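Read the structure below first, then the notes.
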Amino acid sequence: MTLTMPLLLIAVALVGLSGLAGLFLGRQSPAGQKLAIFLMSVGSGLGLVVAIRCLLGGPDASLDLPWFLPWGSFSLKADALSSFFLVPVFLIPALGSIYGAGYWNPSDRPASARALQFYYGLLAASMAMVVLAHDSVLFLLAWEVMALTAYFLATAETRNEAAGKAGWLYLIGAHVGAVFLFALFALLYRSTGSFAFWPIKAGVLTPRVATTLFLLAIAGFGLKIGLMPLHLFLPGAPASGPCHVSALLSGVVYKVGLYALIRVSGLFPNPPTWWGGLLLFAGAASAILGVAYALAQSNLKRALAYSSFENVGIISMGLGLALLGKTFARTDWTLLGLGGALYHSWNHALMKSLLFYSAGAVERALGTTEIQELGGIAKSLPRTAALFLFGAVAICGLPPLNGFASELMIYLGLFRTAGLGEGARVGGWPLATMAVPCLALTGALAIACFVSLLGTLFLGQRRARLSTSVPGDPPFTMTAPMMAMALLCLVLGLAPMLVLPVLGRATQSWDPAATLRPESLSALMPATWVGAAGAVILGSSGLLVLLYSRMMKRRPMATAGTWDCGYARPTPRMEYSGSSFGLMIRDLFKWALWPRVRRPEVSGLFPKTAELKIQALDPLLDRITLPGAGLLGRGFAWLRRLQQGHLQIYVLYFVVILILLLLWGRSSP
Amino acid sequence: MMNLAVHLALLLIMPPLLLGVINKTKAFFGGRLGPPLLQPYRDLARLMRKGLVLSQTTTGIFRAAPVVTLVAVFLAGLIMPLGPFDSPLHFAGDLVLFAYLFGLARFFTTAAALDTGSSFEGMGAAREVTFACLSEPALFFVLLLLAKMSGSLVLSDMLHSPLHVRWTVLGPPLVLAGVGLFVIVLAENCRIPVDDPNTHLELTMIHEVMVLDHSGPLLGIILYGAAVKLFILGALLLHIVFPFQTGRAWLDWSLFAAELVGLAVGIGVVESIMARLQMRHVPTLLVGSMLFCAFGFFLLVR
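As given, the protein sequences belong to chains A and B, one line each in that order.
Going by numbering that gives the first Met the number 0, the residue at position 47 of the first sequence is 46; the numbering climbs one at a time, nothing skipped.
Going by numbering that gives the first Met the number 0, the residue at position 278 of the second sequence is 277; the numbering climbs one at a time, nothing skipped.
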């Protein structure tokens, strides 16, 4: 027996119990938080070391312990795929808890800091257990703890009404999803006879059962990762919770859901074509609509929450491509598709956390993240602005940062589905190439979205409503984790060759039946070129800026107001706002966004003051589900008459039902 | 080695000439003498010698953006093969890098526009990113078509597979893609009918309005970068429209330069005989070009 699994369990325990001691200390004492951060860092460090060792070619580790339930077993397994996801699961919460020391410290927030710290560790530990579980019963237990702790974290601020509502929705979504998962695993047990995640042998499942299982998995995990249109319960929680929690919910919990989807979809021996196609195009729809919704939001955190669906969509596209590769026995599709999906999972965890942390810095300095109220804050928060720029370039998938490298892999895989070469119809599935322009559209929309966020929040003039004195950048405890993330984004963008072997190994453990050679990934993906191009962009831009500033030293320089087209008194209110920036694109996506517009009536020669109000709703939630649920509730209101609140009546119900059952038992032999 | 030197020299020197040719053509149609052919070079030289006026609102992004944009566009120029010669940088997958470098350029240009806090520049930036959402998928349809035709993911190979032989066989897809790509070239370079580089009404401009507040060398870098972009996208279009080669290096290079000048004349003609579209009709035009490119691809894989 190797030490891998016990060490991982120790790491999980350290992380999970990191906030426990703090609960018994004073409400405002910083000691509990410091201890928690220490335990979290030690546990995560240990977990990271073990996971990375496992990724770099260590043998798979597994562990079985005695179990108290009649079903399932306490069986853990760490192969390359789960180790791959353990990395963000350990890394991001550790950085987040350091960030939390500045952002959510007990002296400022005595009401919630202790509980938040406790659940923060517990969420991280439960995610690690989900990733490690090799048994569906254990998996579901960890999954449930994950959902509950996420709920408690999102609603940590008890006075925040929006957060309470959003957390409630999140919990509902989690449980609707869990119902599908119960069905999935029960059916899996019935047809394979085992709760463990072993690959299913060919011929065990009838096509109908396999299809049902796959659709259950899509529904159950899709509700967790926000595969559109199953996203409706999710965006509220990260949009209204504390930012380091949002980073975890939006950046890591979705990744754990994706891990589960990847794991389960890898169990099937020969997936039909439409499985991969479904994931590919559901992912494409998710990617395009996610970023279109993000563009329509009026709150930075909400926009970031929606942009996660874009990235989940991109990752699903990669997974869909990998499934197609399995169907058509095309190793290159599988490698590029799943490799790109996994790579993007790491990247998105990093950049989304970086962006949410920047949002937290803005929130801390200015008390709001409403886009319409902010503007020109780069001058007060230069470091935050620079880090946000970093995250924005990364998440748009632009070179030289990491988003480009992972999207490139998915692009290359998708290009290959065309069956390259004239007349080369064999082994191609040209329908999949339709995802290429979808991905291109997503990229263009993402640029629009993040230029808009960067430009209207950080750049330009300060808007009128903002007070003049703004505290500056956040303390070092908050900027340090952000810098670490930015640095990792840069490294992952400039040195994809470091990641490729790891991706290859993780892909191999997803598809053990196929003979994948990890080294062939480096033949498919031009990692060196990507790194070199990135270095050239960075290097020559830096050099030219230096050269140019030297040149300008001896030149006359003047400052003036922005060109105002001859208008004498421009005010910040005339500036382009986020909603005006996205107006044309929102018009293009009117059919999906379905905003609530209250247009003023302007009449007469001297119209009165009027107000235009555009409210970005989630059509599926606010227009369909909630009103529908309201109708259902009213429709079933008569059932409440059965509920009188008198104990006697409830006992009467029991007696009546018992008698009915007895009669029924008699009549049927 | 020789070809590399010519590639670099053309990429560095030729782009402003195209602007001169376009202006000369337009002057001809307008019955004017027009500015000399080399006027863009003089303008650039003059701008590079000047001082700088900066808006108080701007931050470092405003000053860095033109440089990053130029670097990105220039790198794209090193990936794009010119004429029948392979590009200096080529690898499997360079086509995506090529497209995304323009995305990087767009990110920084539009961010710098918003940095000034002017609503006009915001307007221009909003148009730029919106229209890119329509032209980007079209460009990828063209890339898909070329990849499918040539069986390669290297831009140099994709554009050099003997297209001229296949014109007879694969005529329809190539014609469709060529038409679509021509519209994209006009749109991406902000020419008529999408944008009017000569207009002086801020409300109706796209590219020019985004750089209203840039002055001196910064403006020079931007103008030069825009010319390089026209050069590169023009070279891409020429590969599809004129895939001819003679086999002799010096003749091929001169042929390429002549073709490019011819394209500039063509753009000048379009600018002279057409009016700028109303802004609200531009998406229709771009969607149309995307459909052309998509249709070309469908014909190929059908």
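For each residue, glycine too, the CB sits at the ideal point set by N, CA and C.
None of these values were measured; they are calculated from a predicted model.
query: What does Ser52 of chain B pair with, by DSSP beta-bridge criteria?; result: The sequence shown places Val at residue 52 of chain B, not Ser. Its beta-bridge partners are A:Ala557.
query: What would DSSP say about Glu127 of chain B, mapped onto helix, strand or coil?; result: helix
query: Please report the distance separating the alpha-carbon of Ala431 of chain A from that of Gly276 of chain A.; result: 7 Å
query: Given a cut-off of 7 Å on the beta-carbon distance, is the pair Pro65 of chain B and Val227 of chain B in contact?; result: no
query: Can you list, in chain order, the residues of its chain whose CB lies under 6 Å from that of Cys242 of chain A, leaving out five sequence neighbours each side?; result: Phe355, Ala358, Gly359
query: Measure from the alpha carbon of Thr24 of chain B to the alpha carbon of each residue in B:Ala263, B:Pro83, B:Lys147, B:Asp42, then state which is nearest.; result: B:Ala263
query: Gly459 of chain A and Leu113 of chain B: beta carbons closer than 7 Å?; result: yes
query: Using Cβ-Cβ distances below 9 Å, what residues of the stretch 549-583 of chain A are close to chain B?; result: Met550, Met551, Arg554, Pro555, Met556, Ala557, Thr558, Ala559, Gly560, Thr561, Trp562, Asp563, Cys564, Pro569, Pro571, Met573, Glu574, Tyr575, Ser576, Ser579, Phe580, Gly581, Leu582, Met583
query: Looking at the C-beta of Pro525 of chain A, does it have a partner C-beta in chain B at a distance below 7 Å?; result: yes
query: Taking Cβ-Cβ distances shorter than 7 Å, what residues in chain B pair up with Ser539 of chain A?; result: Val70
query: Could you please tell me which residues of the stretch 97-109 of chain B, in chain order, have their CB closer than 8 Å to any CB of chain E?; result: No chain E is part of this structure, whose protein chains are labelled A and B.
query: Quick one: Cα of Ser54 of chain B to Cα of Leu18 of chain B, how far?; result: 28 Å
query: When the cut-off is 7 Å and only beta carbons count, does Ala186 of chain B lie next to chain A?; result: no
query: Scan the stretch 399-422 of chain A for residues whose Cβ lies nearer than 7 Å to a Cβ of chain B and list them as they occur along the chain.; result: Phe403, Leu407, Tyr410, Leu411, Phe414, Ala417, Leu419, Gly420, Glu421
query: Which word fits Gln116 of chain A, buried or exposed, when buried means at least 16 other C-beta atoms lie within 10 angstroms of its C-beta?; result: buried
query: As an exercise, report each continuous alpha helix (DSSP H) stretch of at least 4 residues that is fully enclosed by the stretch 63-124 of chain A, in chain order.; result: 79-102
query: With DSSP as the reference, identify every bridge partner of Asp134 of chain A, one or two as the case may be.; result: A:Ala195
query: So with Cβ pairs under 7 Å, would you call Gln277 of chain B a contact of chain A?; result: no
query: Among A:Val361, A:Gly418, A:Gly339, which residue has its Cα nearest to the Cα of Tyr102 of chain A?; result: A:Val361
query: Kindly list the residues whose CB is nearer than 8 Å to the CB of Val300 of chain B, restricted to its own chain and excluding five residues on each side of it in sequence; keep chain order.; result: Lys147
query: How about the stretch 376-385 of chain A and the stretch 446-462 of chain A: do they share at least three Cβ pairs that are nearer than 8 Å?; result: yes
query: Sorted by chain position, which residues of the same chain lie with C-beta nearer than 6 Å to Leu103 of chain B's C-beta, five sequence neighbours on each side aside?; result: Ala71
query: Can you confirm whether Gly113 of chain B, when its beta carbon is compared against all beta carbons of chain A, has any partner nearer than 7 Å?; result: Before going further, note that residue 113 of chain B is Leu rather than Gly in the sequence given. Yes - at least one Cβ of chain A is within 7 Å of the one on Leu113 of chain B.
query: Thinking C-beta only, is Leu349 of chain A closer than 7 Å to Leu139 of chain A?; result: no
query: May I have the straight-line CA-CA distance separating Phe291 of chain B from Asp510 of chain A, to the nearest angstrom?; result: 39 Å
query: How is the beta strand (DSSP E) around Val469 of chain A delimited, first residue to last?; result: Careful: Val469 of chain A lies outside any beta strand (DSSP E) and carries neither H nor E.
query: Where does Lys33 of chain A sit, in a helix, a strand or coil, going by DSSP?; result: helix
query: The alpha helix (DSSP H) spanning Leu612 of chain A covers which residue range?; result: For the record, residue 612 of chain A in the displayed sequence is Lys; it is not Leu. Run containing Lys612 of chain A: none in the alpha helix (DSSP H); it sits in the beta strand (DSSP E), 612-614.
query: Who are the Cβ neighbours of Leu233 of chain A in its own chain at under 7 Å, not counting the five residues just before and after it?; result: Tyr169, Gly172, Gly225
query: If contacts are defined as beta-carbon pairs under 8 Å, then Leu288 of chain A and Ala591 of chain A qualify, I think. What distance do you get, rounded to the angstrom?; result: 6 Å
query: I want to see whether chain A comes within less than 7 Å of Phe181 of chain B, judged by CB atoms only; does it?; result: no
query: For chain B, is any of its Cβ atoms less than 7 Å away from the one on Leu543 of chain A?; result: yes
query: To the nearest angstrom, how far is the alpha carbon of Asp251 of chain B from that of Gly82 of chain B?; result: 7 Å
query: Helix, strand or coil for Arg595 of chain A? Go by DSSP, reduced to three states.; result: strand
query: Answer with buried or exposed for Gly572 of chain A, where buried requires no fewer than 16 other C-beta atoms within 10 angstroms of its C-beta.; result: The residue you asked about is not Gly; residue 572 of chain A is Arg in the sequence shown. When all chains shown are included, Arg572 of chain A counts as exposed.
query: Mind checking whether Ile394 of chain A and Leu299 of chain A have CB atoms under 7 Å apart?; result: no
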